[in-house]
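Chains as they are written, first to last, in the numbering used here: chain U, 27 to 194; chain B, 27 to 194.
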């Protein structure tokens, strides 16, 4: 690997990713006709995504970066994106791979746009993994050096959470 | 990046990872005193992990590889690993980061050993992401070129599932 440590520490990288992902989420949502409103007052360190029923996770790796980006949504937000992506042709159903693929594709599109904006060289991502459940919770790693951040968005009467975890 | 396509196709890579991960899961379990029995008859294409309450996901990226490895467990299997890793000092609780970190660390250790065995150059992994929920389900991507495979293991009266997804 030719990657060299450019002195980007965990905190700085997290802040770059937070800004890039926030902009990308709003922008991608707008292109499918959804107004995702960033709820700045509810930003939190760690992971805090109450009411979530679906999640899509993407791994981001390259150079000194070892991160994950996760989207978690409650039912109203999930329904809003499924309706928007399918033109109302697919009914949102957490057991249906077709509607779950919407949340995966959304995570993919946001990550693609965010990582271009972030301009960290040589980043590569995994395909999104989708999970559903009742009382769905993401639990932050208890490891030193792992920092997580939850960005909440108001969507269609529901909540969409973007969770970034960076390993220093 | 210096990585070149060595002609490893998705099916071959998946088979390499399946073998390496199966061996690593059994070996790592044994080192903490757990007899994880591979239930060959229940191997399935796609994702099939009924009864799961906890999940830990790791992204694997490098060269032409874009994969994820997930462990999913029901309560008895989760309890067995928490007891084994903590010497019975921690009661398994899906809402407790301390006991959830066990399933993350297990996924880390298995991935570390599996990727050394698999001997695919330049692979890099993300920190594990842990999720819990009732009726927890992983939904396979509906994308062409993504292949998933579920390997079931019998553990302490419960079930542990190893899910590998490879993007071609």
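Positions of the beta carbon are idealized from the N, C-alpha and C atoms, including for glycine. Bear in mind that the values here come from a model prediction, so they are computed numbers and not experimental data.
Alpha-carbon to alpha-carbon, residue j and residue i
i	j	result
residue 116/U	residue 127/U	11 Å
residue 80/U	residue 149/B	29 Å
residue 69/B	residue 177/B	5 Å
residue 35/U	residue 118/U	40 Å
residue 129/U	residue 138/U	14 Å
residue 133/U	residue 72/U	19 Å
residue 101/U	residue 54/U	19 Å
residue 109/B	residue 191/B	29 Å
residue 184/B	residue 49/U	44 Å
residue 93/B	residue 112/B	30 Å
residue 168/B	residue 173/U	31 Å
residue 195/U	residue 76/B	It is not possible to answer for residue 195/U, since the shown part of chain U is limited to 27 through 194.
residue 156/U	residue 114/B	32 Å
residue 146/B	residue 41/B	12 Å
residue 30/U	residue 67/U	With a pLDDT of only 41 at residue 30/U, under 50, the local geometry of the prediction cannot be trusted, and no value is derived from it.
Whole-number beta carbon distance between residue j and residue i, since they are thought to touch under 8 Å
i	j	result
residue 64/U	residue 175/U	Residue 64/U to residue 175/U, Cβ: 13 Å. No contact.
residue 60/B	residue 107/B	7 Å
residue 46/U	residue 144/U	4 Å
residue 98/B	residue 162/B	7 Å
residue 152/B	residue 87/U	6 Å
residue 85/B	residue 182/U	In fact, because the Cβ distance is near 29 Å, the residues do not count as touching under 8 Å.
Beta-bridge partners of residue i, as assigned by DSSP
i	result
residue 119/U	Note: residue 119/U sits in no beta bridge, so no partner.
residue 135/U	Beta-bridge pairing links residue 135/U to no other residue.
residue 57/B	DSSP, once it has assigned bridges, lists no residue as partnering residue 57/B.
residue 49/B	BP columns for residue 49/B are empty, so no partner.
residue 150/U	87/U
residue 184/B	181/B
residue 42/B	Answer is none; residue 42/B lacks a bridge partner.
From the options, residue whose alpha carbon lies closest to that of residue i
i	options	result
residue 123/B	84/B, 154/B, 165/B and 50/B	154/B
residue 164/B	183/B, 187/B and 113/B	187/B
residue 39/B	54/B, 78/B, 95/B and 75/B	95/B
residue 166/U	114/B, 131/B and 74/B	131/B
residue 125/B	142/B, 93/B and 158/B	158/B
residue 135/B	37/B, 56/B and 42/B	56/B
residue 78/B	84/B, 85/B, 171/B and 104/B	104/B
residue 171/B	42/B, 193/B and 182/B	193/B
residue 121/B	37/U, 74/U, 66/U and 182/U	74/U
* Residues from the region 39–51 of chain B in contact with chain U, defined by Cβ distance under 9 Å -> Residues: none.
* **Members of the region 164–183 of chain U near chain B, C-beta cut-off 8 Å** => 164, 165, 166, 167, 168, 169 and 172
* Note down, in chain order, all residues in the region 130–163 of chain B with a beta-carbon under 8 Å from any beta-carbon belonging to chain U. => 130, 148, 150, 151, 152, 153, 154, 155, 156, 157, 158, 159, 160, 161, 162 and 163
* To do: Mind checking the region 82–113 of chain U against chain B and listing, in chain order, the residues whose C-beta falls within less than 8 Å of any C-beta there?
  => The region 82–113 of chain U vs chain B, Cβ under 8 Å: 83, 84, 85, 86, 87, 88, 92, 93, 94 and 96.
* To do: Report the residues of the region 59–77 of chain B with a CB closer than 7 Å to any CB of chain U, ordered along the chain.
  => none
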